[in-house]
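Asker: First the structure, which I've put down as structure tokens, then a few questions once you've had a look.
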Amino acid sequence: MTGPKSDVRLEMRQISKHFGGVQALRDVTFLARAGEVHALCGENGAGKSTLMKILAGAITDFDGQIFIEGRAVAFGGPRDAEDAGVRIIYQELNLVPEMTVAANIFLGRERKRGFGWLDNRTMEAEARRLFERLGAPVSPRALVGDLRIGDQQMVEIAKALAFEAAILIMDEPTSALSDAEVARLYRVINDLRQNRHTVIYISHKMNEVFTLADHVTVLRDGGFVASAPSCETEPRQVVRWMVGREIAAMHYEPHPVSERAVLEVKAVSLPSPPLSGRPALHDLSLHVHSGEVLGVAGLLGAGRTELLEALCGASPEPPRGAILLSGVPVHFRHPREAIAAGIALVTEDRKNLGLFSEMTVAENITISHVEAMSRAGVIDRAAEARAVRHAIERLAIKTAGGGALVTSLSGGNQQKCILARWLLIEPKVLLLDEPTRGIDVGAKAEIYKLIRDLVKQGMAIIMTSSELPELLTVADRIMVLCEGRKTADLSRAEANEETIMHAATQFLDRVALAS
Ligand SMILES: Nc1ncnc2c1ncn2[C@@H]1O[C@H](COP(=O)(O)OP(=O)(O)OP(=O)(O)O)[C@@H](O)[C@H]1O
Ligand SMILES: [Mg+2]
């Protein structure tokens, strides 16, 4: 709980930072205590990650001062911050895909034996202990690039936990984790609090903030808005501080669905790549109609992402079984072929698969469109520029303009760019894998509305989400996966948190889950 002033471990005083013309932070003061979980909230682009990158020594050029335990500190880089006891789990995972899990965890801080030899055995054993603590079945010897995004997130967390840090920053650590994993992470965070660590926790999920945090600080448009003990405020208040207005909840509205299935999937199976920890798919069948949102629920590792990948030629190998698009069997060997046929996937893993980091916002939005257009032989540049402006407006993408580098955008705004890209193509079937991951409450409501508008215009959408309320808001039907098998196909009338969770844990040991 919030202690006396003498407990103040961190003070960031009048921090300002601009990137060219963009004022990311303006005179922000931030205070955190020992033994406290401190939530940092704000809309996409509010400046949360920038403030924390400054604290972690990743941004060194800024105005203002930082005090740790009352002493002024000046970091020349991340190493200095680490030496001062600050560790960060980045929002955009910062791992080396070609290296093993253990090598990633100890990167730059390798354990050595005599003569400078790497002590792989010790590092693997330590990594194994960390994953036990986190309750994550990740092999220290697996290549990070082979892991699913949720497990990569676990590696990032283990990496931060490997070293005793007085101040541990977590930038949206649960965005790709399942409920069970989130519960385990909460336990680890509570341990840290008890051992007097300071945890700074960035999240867009209000339930998370109010479950974990002792204190909440809110930023808006790069400025400080408010800071309060969480017991003295409530989610609605925090949201109001974040957006400066009330957000209307969206309610599901049915509309006619066409009789014919656009996409039919019959008995699709896919083996699991060795050592990857990714689930296999077993005998999955489904159909989705034009005008319909099919929600896909399941715990982490249930095969949701694998299913969407299998449908659009993005699996490591082609799936067995049949996929019919408008009644015609299709065999995609690459997502490009799927796009040409009218199926597009918005991936959950924007860093590795979704974004082109050297390109501008406009290029990232139009890239697949340009491919499609140049095949058709015409590119109308003016129309394209209009489309980019329209997309930026429609999704409220916060950017200096279409010409800005996409990496200059905040995490949530990058996610919106990927969505914008696929909206431009107007596929027949849109596959959305965790489309609102990392997106703030206000923008989420916009995206739900957008999804409903798209199906109203005749698109078919298959969407995964770990947030059940989200599926219950936008989906017309919900299918549930457990360990790569379909365990339920629920109408809206049948679908609720209970029926979904029941089906999602059908083959699992419930006792183990509850522990
Ligand atoms: N390297 C950069 N170059 C230019 N502008 C940047 C850069 N990094 C951040 N910005 C800008 O600074 C502002 C704050 O971004 P920041 O990433 O801190 O937001 P955030 O609060 O973490 O948002 P999100 O919830 O989307 O992650 C945004 O307008 C962003 O576009
Ligand atoms: Mg951020």
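Positions 15 to 529 (the working numbering) are the ones given, in order, by the sequence shown. The C-beta atom is built at its ideal place from N, Cα and C for all residues, glycine as well. Small disclaimer: the values here were computed from a predicted structure and weren't measured.
1. Keeping to the same chain, check which residues put their C-beta closer than 8 Å to that of R334; ignore five residues upstream and five downstream.
2. Considering only their Cβ atoms, is the gap separating I492 from A474 smaller than 8 Å?
3. Can you check DSSP and say which residues form a bridge with I475?
4. Under a Cβ-count criterion, where at least 16 other Cβ atoms within 10 Å of its own Cβ denotes burial, should N427 be classed as buried or exposed?
5. In this structure, how does DSSP classify L121 when only helix, strand and coil are distinguished?
6. Quick one: grab the DSSP three-state call for R135.
7. Taking the C-alpha atoms as reference points, what is the distance between G164 and L314?
8. Taking the alpha carbon of F120 as the point to measure from, which residue in D133, F129 and G128 has its own alpha carbon closest?
9. Tell me whether V402 sits in a helix, a strand or coil according to DSSP, three-state version.
10. Where does Q28 land, buried or exposed, given buried means 16+ other C-beta within 10 angstroms?
11. For F89, count the other beta carbons within 10 Å of its own beta carbon; 16 or more makes it buried, fewer makes it exposed. Which is it?
12. Report the rounded CA-to-CA distance for E186 versus R127, giving the unit in angstroms.
13. For G78, report the span of its beta strand (DSSP E) as first-last.
14. For L54 and Y266, what's the separation of their Cα atoms in angstroms?
15. In whole angstroms, what separates the C-alpha of V42 from that of F238?
16. Measuring only from the beta carbon, is A38 closer than 7 Å to any heavy atom that is part of ligand 1?
17. Could you give the uninterrupted runs of the beta strand (DSSP E) lying entirely in the stretch 271 to 301, keeping only those of 3 residues or more?
18. Nearest to V169 by alpha carbon, out of S217, D205 and E106?
19. What ranges does the beta strand (DSSP E) occupy inside the stretch 338 to 373, keeping only unbroken runs of at least 3 residues that lie completely in it?
20. Tell me which same chain residues have a C-beta within less than 6 Å of the C-beta of K67, skipping the five on either side of it?
21. Does the Cβ of C431 have 16 or more other Cβ atoms within 10 Å, making it buried, or fewer, making it exposed?
22. With distances taken Cα to Cα, identify the nearest neighbour of P92 among L69, I80 and F76.
23. List the whole-angstrom C-beta distance separating E138 from A116, where the pair is believed to meet the contact cut-off of C-beta under 8 Å.
24. What separation, rounded to the nearest whole angstrom, lies between the Cα atoms of F346 and P111?
25. Can you grab the Cα-Cα spacing for the pair R8 / P343, in whole Å?
26. Please look up how many angstroms separate the CB atoms of V276 and K442, rounded, as I've assumed it's under 8 Å.
27. Could you please give the first and the last residue of the uninterrupted alpha helix (DSSP H) stretch that includes R201?
28. Just verifying my parser: in three-state terms, what is the DSSP assignment at R435?
29. My assumption, with CB atoms under 8 Å, is that A401 sits in contact with L438. Please give the rounded CB distance.
30. Are the stretch 185 to 202 and the stretch 151 to 161 touching, with three or more C-beta to C-beta distances below 8 Å?
31. How about A294 and G498: are their beta carbons less than 8 Å apart?
32. Specify, as a first and last residue, the run of the beta strand (DSSP E) that Q37 falls within.
33. Can you list, in chain order, the residues of its chain with a C-beta nearer than 7 Å to that of A324? Leave out the 5 residues immediately preceding and following it.
34. Taking the C-alpha atoms as reference points, what is the distance between T319 and A410?
35. If you measure between the beta carbons of G99 and A180, is that distance less than 8 Å?
36. Helix, strand or coil: which one does DSSP assign to V488?
Answerer: Judging by the given coordinates:
1. A281, V282, S283 and L284
2. Between A474 and I492, the gap from beta carbon to beta carbon reaches 8 Å or more.
3. V307 and L444
4. buried
5. DSSP, reduced to helix, strand and coil, places L121 outside both helices and strands of the structure shown, so it counts as coil.
6. helix
7. Roughly 7 Å between the two C-alpha positions.
8. D133
9. helix
10. exposed
11. buried
12. Those two C-alpha atoms are separated by around 36 Å.
13. Here the beta strand (DSSP E) through G78 covers D77 to I82.
14. Looking at the backbone, the Cα of L54 and that of Y266 are separated by about 31 Å.
15. 5 Å
16. Under cutoff, so the answer is yes.
17. Counting only runs of 3+ residues, the beta strand (DSSP E) found wholly inside the stretch 271 to 301 occupies 275 to 284, in chain order.
18. E106
19. 357 to 360
20. I73
21. buried
22. L69
23. 5 Å
24. 25 Å
25. Outside the displayed range of the chain (15 to 529) lies residue 8, so it cannot be described from this structure.
26. 6 Å
27. D193 to Q208
28. helix
29. 6 Å
30. no
31. yes
32. Looking at the DSSP string, the run of the beta strand (DSSP E) that includes Q37 is V36 to R47.
33. V282, L284, L295 and P333
34. 27 Å
35. yes
36. helix
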